[in-house]
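Asks: Input: one structure, supplied below.
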Amino acid sequence: MRKSHRVYFPGRRGKLAGILETPPGHVHGWILFSHCFTCNKDLKAIVRISRGLADCNWGVLRYDFSGLGGSEGVFSETNFSTNCEDLLSAANFLSSEFHAPRFLIGHSFGGAASLAMADQIPSVSGVIALAAPSDTQHLADLLLKMDPAIGEKGIGTVNIGGQKHEIQRQMVDDFRKHDLRKAVARLQKPVLVFHSPDDETVGFHHAIFNAGYHRTPEMIDTRTSDTRRSFPGTLVALPGSNHLLTNSERDIPMIVAIANAWCTRLI
């Protein structure tokens, strides 16, 4: 029977909280799950996907980024760079206490962090992105639109999902300095993308970039003999679904089944 274990591990801004979903039998490998912007590891879709993958004999660690959920830290002092650092801390925890992660999976901004960090974790064989943006600049623009004081005064407040969050200008500045599309274009590991054409939060065009359909020959890193990313990744459309994957009971079983088959093939 699958078991859930609460864990804590060190991050650069304090202790990070996570949940380990462990299968009853042989573990095919470990998967690291990163959540969306201002969300946490207990988002309904993340919990259901994690447990579904555990039922398929994958070990899954879902965790909270700094300043969110059960993790220590101040959210307004975080940014995309700190998210990537937290992901690496979670990967190091898995490596030291269990086994190094074989796959990264992330929802929305967590998917962006997973794509950005995949090549920096040698044990990772592939990345799964759920409704993930292909750039971080668009979120900077959105936050400034929601409260211009962020740019004018250096701090402001936004309402996301019915909750108020304090945002510092440093967060916006950090979002603007990353070139995620370039990183994804040079990514040397397979990518599986799930995205809804009806996603009103992160448009479907982001999925095209994340799956690599925009790649040109000059974008491919010829310094490596790895040909697994010399062709586009796998893109699965989820028509009618919303960004949080909450409006269709059919989505989660489908995502779990395809993700399980995809990961199994790669190992």
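Taking the numbering used here, the leading residue of the sequence shown gets 572, the next gets one more, and so forth. Here a beta-carbon is modelled for each residue, glycine too, at the ideal position from N, C-alpha and C. Being a predicted model, the structure only gives us computed values, none of them experimental.
#1: Alpha carbon to alpha carbon, how far is S621 from R633? Give it in angstroms, no decimals.
#2: Please state the DSSP three-state secondary structure of V755.
#3: Among R573, E592, M572, G623, which one has its Cα closest to the Cα of R821?
#4: Taking the C-alpha atoms as reference points, what is the distance between I617 and H576?
#5: Going by beta-carbon coordinates alone, are S812 and S685 separated by less than 8 Å?
#6: Express the C-alpha separation of S637 and L614 in angstroms, rounding to a whole number.
#7: How should E771 be labelled, buried or exposed, when 16 other C-beta atoms within 10 angstroms of its C-beta is the threshold for buried?
#8: Counting along the chain, where does the alpha helix (DSSP H) carrying I838 start and finish?
#9: Where do the ends of the alpha helix (DSSP H) carrying E668 lie?
#10: On the CB-based measure, 16 or more other CB atoms within 10 Å of its CB, does H670 come out buried or exposed?
#11: Helix, strand or coil, according to DSSP, for L624 in the structure here?
#12: Quick check: F746 and F651, are their CB atoms within less than 8 Å of each other?
#13: Verify whether the separation of the beta carbon atoms of V598 and G630 is less than 8 Å.
#14: If we count the other Cβ atoms within 10 Å of its Cβ and call it buried at 16 or more, is I838 buried or exposed?
#15: Assign T835 to one of two classes, buried (16 or more other C-beta atoms within 10 Å of its C-beta) or exposed (fewer than that).
Replies: On the basis of the supplied data:
#1: 7 Å
#2: helix
#3: G623
#4: 15 Å
#5: no
#6: 16 Å
#7: exposed
#8: Unbroken run through I838: none, as it is neither H nor E.
#9: 651 to 668
#10: exposed
#11: helix
#12: yes
#13: yes
#14: exposed
#15: exposed
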